[in-house]
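First the structure, in the form of structure tokens, and then the observations on it.
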Amino acid sequence: MGSGPIGVLKEAFLIPSNLYRVYLTFMAQVLSQWSGAGSITVYAPDLFRLLGITGNNEGLLVSAVFGIIKLIAAVVCALFLVDVIGRKRALLLGITLQAISMIYIAAFLTSVPQMGVVSGFKLPISQKGASTGAIVMIYLSGVGWALGWNSMQYLLTAELFPLRIRALCTSMAMTLHFANQYGNSRAVPNMLLPVSQGGIDPKGTFWCFAAITIIGGIWVWFSIPETAGRSLESMDRLFALPWHKIGRYGNKDAEEKDQSLDHKMEMVEQSYGTVEHIEGNVLSSKV
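Quick note: numbering that gives the first Met the number 0 has the sequence shown finishing at residue 286, numbered continuously throughout.
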């Protein structure tokens, strides 16, 4: 492919296995940022107020609790769970928790369409329990985010690429990450506006987050192979299959190739040991 920046670009985009890795990291950044978790963190006090929390002190308190829960979940997931249950399983489990949370919040806001739309609207007492449930779901979405996309969007970017193109592809992926993060944080306030003001209502916003999260889960199932326990040097074996089979069968195929390679290495070592033994006997007989 040649040397220099042009050669690295060609290697990243013209070799099918590398292009598929670029596709994985780019899609992971887009789907993770538009699943809504980042904007929930940025606008937590406003969203808790939207779900029925009254008073500035109460809003700040539940927002602080949300931040603590996300921090603890992120540390536990990054240090323990991701390696124990595997990258892909952790991502799918986290996305499932996020999807459940978003669907519940969207359903709650649909059942009380005046929330965030009608100025001065007060939540009926009969809906207080559902409101508390929606707040709990915000916390649950934070746990799902820590277990799923928050860990994987960085791990996948760091693990997938060969050394020669890693710096370029990681830089591009993280540029896309921050561009989408910025775009989402700017878009959400407008999305939350009533339809009459050019938005899609709070309920529409969370239905949108739920839909993107579900689409992300389906995409992960079909597209991303399991990378846990695999060295950077052996990562290429995950991408030897046609692109439409990598997500579902790439890890199995790579394990079979690993076993075959290990068997060949054992045979070579045994043959080498046999040759050394024969040569030793020949030398002994000559002496």
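Glycine included, every Cβ here is placed at the ideal spot set by N, Cα and C.
Suppose you measure from the CA of residue i to the CA of residue j; what does that come to, to the nearest Å?
i      : j      : result
His176 : Gln28  : 5 Å
Pro201 : Met190 : 7 Å
Ala11  : Glu158 : 15 Å
Ser130 : Leu154 : 35 Å
Lys69  : Gly141 : 5 Å
Ser31  : Arg48  : 24 Å
Leu90  : Tyr248 : 17 Å
Gly291 : Leu23  : Residue 291 cannot be examined here, being either before or after the span of the chain that is shown, 0 to 286.
Gly54  : Pro44  : 10 Å
Gly246 : Trp220 : 7 Å
Met114 : Leu231 : 50 Å
Glu254 : Pro4   : 33 Å
Glu225 : Ser118 : 49 Å
Ser195 : Ile67  : 36 Å
Val75  : Gln126 : 34 Å
Gln152 : Gly203 : 26 Å
Leu80  : Ser150 : 10 Å
Does the CB of residue i have a neighbour CB from chain D at under 8 Å?
i      : result
Leu155 : Here chain D cannot be found, since the structure has a single protein chain.
For a quick check, are the C-beta atoms of residue i and residue j less than 8 Å apart?
i      : j      : result
Ala172 : Phe25  : yes
Arg229 : Leu240 : no
Leu46  : Ile137 : yes
Ile290 : Gly143 : Coverage of the chain is limited to positions 0 through 286, which leaves residue 290 absent and any answer about it impossible.
Val111 : Leu96  : no
Pro188 : Val116 : no
If you follow the alpha helix (DSSP H) that residue i is in, where does it begin and where does it stop?
i      : result
Arg86  : 86-110
Trp220 : 200-222
Asp45  : 43-49
Gly28  : The amino acid occupying residue 28 in the given sequence is Gln; Gly does not appear at that position. 15-32 is the extent of the alpha helix (DSSP H) around Gln28.
Arg165 : 162-190
Ser291 : Any answer about residue 291 is impossible in this case: the structure gives the chain only from 0 up to 286.
Leu139 : 127-146
By Cβ distance below 7 Å, which residues in the same chain neighbour residue i in space, the five residues on each side in sequence not counted?
i      : result
Ala209 : Ala98, Met101, Ile102, Ala105
Trp33  : Asn179, Asn183, Ile211
Asp82  : Ala227
Ile39  : Leu46, Ile137, Ser140
Val61  : Phe47, Ile52, Ile134
Gln269 : none
Taking residue i and residue j to be in contact with their CB atoms under 8 Å, please state how far apart those CB atoms are, rounded to whole angstroms.
i      : j      : result
Gly147 : Leu78  : Not a contact, Cβ separation roughly 16 Å.
Ile52  : Ile134 : 7 Å
Ile211 : Lys87  : With a Cβ gap of about 19 Å, Ile211 and Lys87 do not count as contacting.
Pro15  : Trp242 : 7 Å
Thr156 : Thr169 : 5 Å
Ala145 : Ala72  : 4 Å
Ile199 : Cys207 : 7 Å
Phe160 : Arg20  : 6 Å
In chain order, what residues of the same chain have a beta carbon less than 6 Å from the beta carbon of residue i, not counting five sequence neighbours either side?
i      : result
Val281 : Here the model assigns Val281 a pLDDT of 48, short of 50, so the residue's position is not dependable and the matter cannot be decided.
Can you name, in chain order, every residue of its own chain whose Cβ lies under 8 Å from the Cβ of residue i, other than the five neighbours on each side?
i     : result
Leu18 : Ala11, Phe12
Leu59 : Pro44
Using only the heavy atoms of the ligand NAP, determine whether one of them is closer than 7 Å to the beta carbon of residue i.
i     : result
Ala11 : By its list of ligands, the structure shown contains no ligand whatsoever, and the ligand NAP lies outside what it can speak to.
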